[in-house]
Amino acid sequence: MERPGGAPAPARYPDDPDLLTQVLRPYRAKRCEYLTSAELTVERDPAGPADQLRVGAACTFEIPESCYIDDTGHFNAVEFNICFNQMFYYLVAKAVKERVVAPFSRWDMDDFWTRQLGEILITDLRSAFRTQMRGRLFQGEIQIADVAEWDASDIRDALVVIRTTCRFWDEHGGDSHGEVTAAILNPPPSGG
Numbered sequence: 001m002e003r004p005g006g007a008p009a010p011a012r013y014p015d016d017p018d019l020l021t022q023v024l025r026p027y028r029a030k031r032c033e034y035l036t037s038a039e040l041t042v043e044r045d046p047a048g049p050a051d052q053l054r055v056g057a058a059c060t061f062e063i064p065e066s067c068y069i070d071d072t073g074h075f076n077a078v079e080f081n082i083c084f085n086q087m088f089y090y091l092v093a094k095a096v097k098e099r100v101v102a103p104f105s106r107w108d109m110d111d112f113w114t115r116q117l118g119e120i121l122i123t124d125l126r127s128a129f130r131t132q133m134r135g136r137l138f139q140g141e142i143q144i145a146d147v148a149e150w151d152a153s154d155i156r157d158a159l160v161v162i163r164t165t166c167r168f169w170d171e172h173g174g175d176s177h178g179e180v181t182a183a184i185l186n187p188p189p190s191g192g
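Numbering follows full-length UniProt numbering, in which position 62 of the sequence shown is assigned residue number 62; successive positions increment by one, without gaps.
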């Protein structure tokens, strides 16, 4: 299917409730499973080379009760970080499951589960809050801006660095956005 102008329509991977449940398992004990659904999209980047893909996810969130503080009445920086983490984990897990983009297309699900908590690190997080969000029911999106991979050498371990953009908004005009860089330590070897 093509869009007007001949550009192919994005590939859409619908919400996967079973995968989402597994991705959010580490949040269950703290009762902060905020991500309720996500749809992965993959499309050719019109500004990039023919083989360059844009990968993102459109997400829905619900925060019935804060996991760390009494109700502030608004979406705050801690919740921004938690919601980003949940979107990012789901995006990577779904990319691995569907084998849609390198390096994740070379991984299997065990590769992801092994690395989810201890080897995926946020190295830079910048968030901005344009207008106050109520933070109970809201939408979010994440987009991979770029991925850099380094194989192991005698001077450093293998590493994957992923730069992302994200934003959150609600039906009352609330709006926040951010740029987040994550590193994946000890990724599976690029040869398989």
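Ideal placement from N, C-alpha and C gives every residue a C-beta, glycine not left out. It should be emphasised that the depicted structure is a prediction, and the values quoted were computed from it without experimental measurement.
- Nearest C-alpha to ALA102 among PRO187, TYR13, ALA128, ARG130: PRO187.
- If one requires a minimum length of 4 residues, the alpha helix (DSSP H) runs lying completely within the segment 24 to 99 are 25 to 28, 77 to 98, in chain order.
- Around the beta carbon of SER105, fewer than 16 other beta carbons sit within 10 angstroms, so the residue counts as exposed.
- PRO8 and VAL23 have their C-alpha atoms roughly 30 Å apart.
- The three-state secondary structure of SER127, taken from DSSP, is strand.
- Rounded to whole angstroms, the gap between the alpha carbons of GLU39 and ARG54 is 14 Å.
- Within the segment 133 to 175, the complete beta strand (DSSP E) runs of at least 3 residues fall at 137 to 150, 159 to 169.
- The beta carbon of CYS67 sits closer than 7 Å to the beta carbons of LYS30, ARG31, CYS32 from its chain, once the five residues preceding and following it are set aside; these are given in chain order.
- If you look at ARG115, you'll find it in the alpha helix (DSSP H) that goes 109 to 115.
- About 17 Å separates the Cβ atoms of HIS177 and ARG134, ruling out a contact at the 8 Å cut-off.
- Contact between the segment 113 to 124 and the segment 143 to 152 is absent: fewer than 3 CB-CB pairs across the two stretches fall below 8 Å.
- Counting the other CB atoms within 10 Å of its CB gives GLU79 a total of 16 or more, which places it among the buried residues.
- If you compare the alpha carbons of ASP146, ARG167, ALA158 with that of ALA47, the shortest gap goes to ASP146.
- PRO17 carries a helical assignment under DSSP once its states are collapsed to helix, strand and coil.
- GLN132 is not a Cβ neighbour of THR165, given a cutoff of 8 Å.
- About 7 Å separates the CB atoms of GLU43 and ALA11; that is less than 8 Å, so the two are in contact.
- Here ASP108 is exposed: its Cβ has fewer than 16 other Cβ atoms, across all protein chains shown, within 10 Å.
- The bridge partners DSSP lists for GLY178 are SER127, CYS166.
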